[in-house]
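The sequence shown lines up with residues 87 to 364 when you count with the numbering used here. Where a beta carbon is used, it is the ideal one built from N, C-alpha and C, also for glycine. Working notes for the structure below.
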Amino acid sequence: MGDKNQKITSFTLALALLALTIALFSLLGGQNKVDDTTFNGRVEKGIEAFIQKQQEAAAPQAKRVAEAVKNTIEDDDAMEGDKNAPVTLIEFSDYECPFCGRFFSETLPQITKKYIDSGKVKMVYRDFPLGFHANARPAAIASNCAREQGGDKTYFLYHNLLYGNQQDLSEEALQKYAADLNLDANKFASCLTSGKFDAEIDADSADGQASGISGTPAFLMLVKKDESKVDSLKAMELSQNGEYIIQYIETEDGKRMGLRISGAHPYSTFEKAIEIGL
């Protein structure tokens, strides 16, 4: 197959060279005679331009995936901030993921201070435990068990303990963190093994995958659809190795727009996206 493509490319190049030569002869026919060096230089430039155009046309394009996300992508998961905030930032994350830990310690505090505390952004956390992180799913279950006892406020207090202690997410540690928050120990221990949150965590992961998410951390930033801001959001799109790590998205009903941001990007990326949305 490769040899066949190479022959076709060579034949195409030869035809292009012939056409270019004829065109130059025609162009120069009515003008003063040019020397061989000048003529050859023009031919070479023409060939270089042709090759460049072919390479650009053949360059692999980044794969666009999941440009439409569910209207109810926030689901009923734990939320921080004003529920009526103009910008929604949904994080799909894994408690054992080191890059998620970096986002938690380095980037989230800045987002919280400037946007969440000021009522401009609401932050929704959805579980996306990766299969090769043995403690990620138990930690996700534990955080939901904490929420069961104390609501979203307790959920995020427990959530913060998990990210602050990523090096120890053992069952004993999970129960210790619950005790640190004065949660009912018996109820918490029973909840950990009850399986009551398995479907919830599976739904989070399924929604993430349907939204084009395959790793952690990943984020969906959504705002009310505004045609005047679409181009600015699309200008932030970024691809790497044939995949979009920042891609424009809309909800299925077309009422909201935003970006899918894959990976632990610096604060400046989130700041720019949020400012466009405000």
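How would you write the range of the beta strand (DSSP E) that residue i sits in, first residue to last?
i       : result
Leu-308 : 304–310
Ser-348 : 342–348
Let me know the secondary structure DSSP gives residue i once reduced to three states.
i       : result
Tyr-181 : coil
Thr-355 : helix
Thr-337 : strand
Lys-208 : strand
Met-87  : At Met-87, the pLDDT of 44 sits below 50, so the modelled position is not reliable and the matter cannot be decided from this model.
Glu-323 : coil
Glu-234 : helix
Ile-360 : helix
Ile-159 : coil
Leu-175 : strand
Ile-202 : helix
Ile-94  : Unreliable placement is indicated for Ile-94, whose pLDDT of 38 sits below 50; the coordinate value is still reported in the next sentence. It is helical.
Ala-164 : coil
Glu-313 : helix
Ile-227 : helix
Looking at the secondary structure, which residues open and close the alpha helix (DSSP H) in which residue i lies?
i       : result
Leu-194 : 194–197
Asp-284 : 284–296
Asn-272 : 271–280
Tyr-263 : 257–266
How many angstroms separate the CA atom of residue i from the CA atom of residue j?
i       : j       : result
Phe-190 : Leu-308 : 20 Å
Lys-341 : Tyr-330 : 23 Å
Arg-212 : Asp-293 : 9 Å
Ser-318 : Lys-310 : 14 Å
Ile-299 : Gln-261 : 30 Å
Ser-204 : Gln-326 : 34 Å
Ser-256 : Asp-312 : 46 Å
Pro-172 : Leu-247 : 28 Å
Phe-178 : Asp-290 : 8 Å
Lys-169 : Lys-320 : 26 Å
Gln-138 : Gly-328 : A caution first: Gln-138 carries a pLDDT of 48, below 50, which makes its placement in the model unreliable, though a value can still be read off. Distance between the alpha carbons of Gln-138 and Gly-328 is about 20 Å.
Applying the 10 Å Cβ sphere with the 16-neighbour rule, what's the burial state of residue i?
i       : result
Phe-305 : buried
Glu-182 : buried
Ala-364 : Residue 364 is actually Leu in this sequence, not Ala. Result: exposed.
Gly-281 : exposed
Gln-333 : buried
Thr-355 : buried
Ser-348 : buried
Thr-240 : buried
Glu-192 : exposed
Pro-184 : exposed
Asn-268 : exposed
Glu-361 : exposed
Asn-272 : exposed
Taking 8 Å as the threshold, find out whether the region 154–161 comes into contact with the region 334–351 through three or more Cβ pairs. Counting C-beta pairs closer than 8 Å gives three or more between the region 154–161 and the region 334–351, which meets the contact rule.
For the region 193–202 against the region 224–233, do three or more pairs of beta-carbon atoms, one drawn from each stretch, fall closer than 8 Å, so that the two count as touching? no
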